[in-house]
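Chemist: Numbers given in my numbering equal positions in the sequence shown, counted from 1, plus 118. Backbone N, C-alpha and C define an ideal beta-carbon position, used for all residues, glycine too. What follows is a single structure, and I will ask about it in a moment.
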Amino acid sequence: MVKYEPDPLGRAFAALADSTRRAMLAQLYENESASVSEIAKRHPISLPAVMKHLDVLAGAGLILRAKTGRTVTCRPNPEPMEEARRWLDQYQRFWTRSLDRLAQLMEEDR
């Protein structure tokens, strides 16, 4: 279970550390929204376990929930994912530059 993380980016990465939650989030991005029972059908875990995973995703801000009558619908919230992508982009640029320099050095040695 994910412990409380005060940093929003930390909460997002902690929530995404679990493969079941990543699969649930991918399912929501695929369909734009789904009820809790629709999400549960695709996972071999109990409904209470599905609810706990959705609680973690909601706590990290990765999903938004709405209740209509007895049906709870979830949809993805792209803002935390965009923040994570921006953070990861820094490292992509670093590694791209480093690997480009390595390739250049390798070519010079030929």
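Looking at the structure shown, is serine 151 part of a helix, part of a strand, or coil, going by DSSP?
Modeler: Assigned with DSSP and collapsed to three states, serine 151 falls in coil, not helix or strand.
Chemist: Around the Cβ of arginine 139, are there at least 16 other Cβ atoms within 10 angstroms (buried) or fewer (exposed)?
Modeler: buried
Chemist: Which residue from Leu182, Thr214 and Glu225 puts its Cα closest to that of leucine 85?
Modeler: Since the first residue of the chain shown is 119 and the last is 228, residue 85 is not available in this structure.
Chemist: Check whether the Cβ atoms of leucine 175 and alanine 133 sit closer than 9 angstroms, and answer yes or no.
Modeler: Yes, Cβ-Cβ distance for leucine 175 and alanine 133 is below 9 angstroms.
Chemist: Is the CB-CB distance between glycine 177 and arginine 129 below 9 angstroms?
Modeler: yes
Chemist: Can you round the beta-carbon distance between arginine 193 and glutamate 150 to whole angstroms, since I take them to be within the 8 angstroms contact cut?
Modeler: 6 angstroms
Chemist: Going by other Cβ atoms of all chains shown within 10 Å of its Cβ, with 16 needed for buried, is proline 124 buried or exposed?
Modeler: Flag for proline 124 reads exposed.
Chemist: According to the Cβ coordinates, are leucine 172 and valine 154 closer than 9 angstroms?
Modeler: yes
Chemist: With 16 as the cutoff for other CB atoms within 10 Å, does leucine 220 come out buried or exposed?
Modeler: exposed
Chemist: Work out the CA separation of phenylalanine 212 and glutamate 201 for me, nearest whole Å.
Modeler: 18 angstroms
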